[in-house]
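K.L.:
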Ligand SMILES: [Zn+2]
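Numbering (our numbering), first residue to last: 522 to 744.
#1: Taking 5 Å as the limit, name every residue whose beta carbon sits nearer than that to some heavy atom of ligand 1, in sequence order.
#2: Could you round the C-beta distance between residue 624 and residue 678 to whole angstroms and report it? I think they count as a contact, below 8 Å.
#3: Please classify residue 684: does DSSP put it in a helix, a strand, or coil?
#4: Since residue 591 and residue 684 are thought to touch, with beta carbons under 8 Å apart, how far apart are those beta carbons, to the nearest angstrom?
#5: Please classify residue 727: is it buried, with 16 or more other beta-carbons within 10 angstroms of its beta-carbon, or exposed?
#6: Would you be able to state if there are at least three C-beta pairs under 8 Å between the stretch 580-587 and the stretch 603-621?
#7: So for residue 711, helix, strand or coil by DSSP?
#8: Can you round the beta-carbon distance between residue 521 and residue 688 to whole angstroms, since I take them to be within the 8 Å contact cut?
#9: Which residues in the same chain have their Cβ closer than 6 Å to the Cβ of residue 721, if we skip the five residues on either side of it in sequence?
#10: Taking the alpha-carbon of residue 581 as reference, which of 690, 549, 682 has the nearest alpha-carbon?
#11: From what residue to what residue does the beta strand (DSSP E) around residue 729 run?
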């Protein structure tokens, strides 16, 4: 089976564009190693690449992606845990200053959980994984009369906040946050609108950032 042509073409574009312009940066990072200040925990969804949304250059973001941008709580039981290993490396070795949990609208994992829809079933991987948002679902409460879209948005945002709580169950994260050496952030990206909101810890509300620029550039919605 041939390597996908789309990837060959994309790599050519990378050679012509980014690598040509940033070769020195790549060489420098190869010699000195990476030292990103920011870790992002995002969703696997192909529409929400953190490097694209934050226009990040090589070496700037330490990124972990999984279905639903979830963080399991601290459980030192010897099991293989990808997110915990990445957190350990980012916090203890790289000493990142910020961890951003980046959720997004139209998250298929969260929607499937909310609708209890296929492919979620008690025996599959996604079903077990998405159980991590059960505490957030309990916070949001039963859907009741809420429109499904509104309920899912509330669940998506509550889940991000819950993941910050889960991050705080890691003793070394908790200690560094307490000393002001590490800050946790909850962010939410609107796939259709391109709006990015960040949770204000004082109010608990998600507040759009760079809203003026967004309004100026997208006054006439094209979506
Ligand atoms: Zn998602």
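Glycine included, C-beta positions come from ideal geometry on N, C-alpha and C.
P.N.:
In short, the structure shows the following:
#1: So the residues near ligand 1 by this Cβ test are 564, 566, 628.
#2: For this step, residue 624 is matched to residue 103 along the chain shown. For this step, residue 678 is matched to residue 157 along the chain shown. Correct: roughly 7 Å between the Cβ atoms.
#3: Residue numbering aside, residue 684 sits at position 163 when the chain shown is read from its first letter. Here residue 684 sits in helix by DSSP.
#4: For the purposes of this step, residue 591 is identified with residue 70 of the chain shown, where counting begins at 1. For the purposes of this step, residue 684 is identified with residue 163 of the chain shown, where counting begins at 1. Yes, they are in contact, since the Cβ atoms of residue 591 and residue 684 sit about 6 Å apart, within 8 Å.
#5: For the purposes of this step, residue 727 is taken as residue 206 along the chain shown, with counting starting at 1. It is buried - the Cβ of residue 727 has at least 16 other Cβ atoms within 10 Å.
#6: The stretch 603-621 is in contact with the stretch 580-587.
#7: Position 190 of the chain shown, counting from 1, holds the residue named residue 711. If DSSP states are grouped into helix, strand and coil, residue 711 belongs with coil.
#8: No answer is possible for residue 521: it lies beyond the span of the chain, which begins at 522 and ends at 744.
#9: Here residue 721 refers to the residue found at position 200 when the chain shown is read from its first residue. 728.
#10: By one-based count along the chain shown, residue 581 stands at place 60. The shortest C-alpha separation from residue 581 is found at 549.
#11: In the chain shown, residue 729 corresponds to position 208, counting from 1. Element bounds for residue 729: 727-729.
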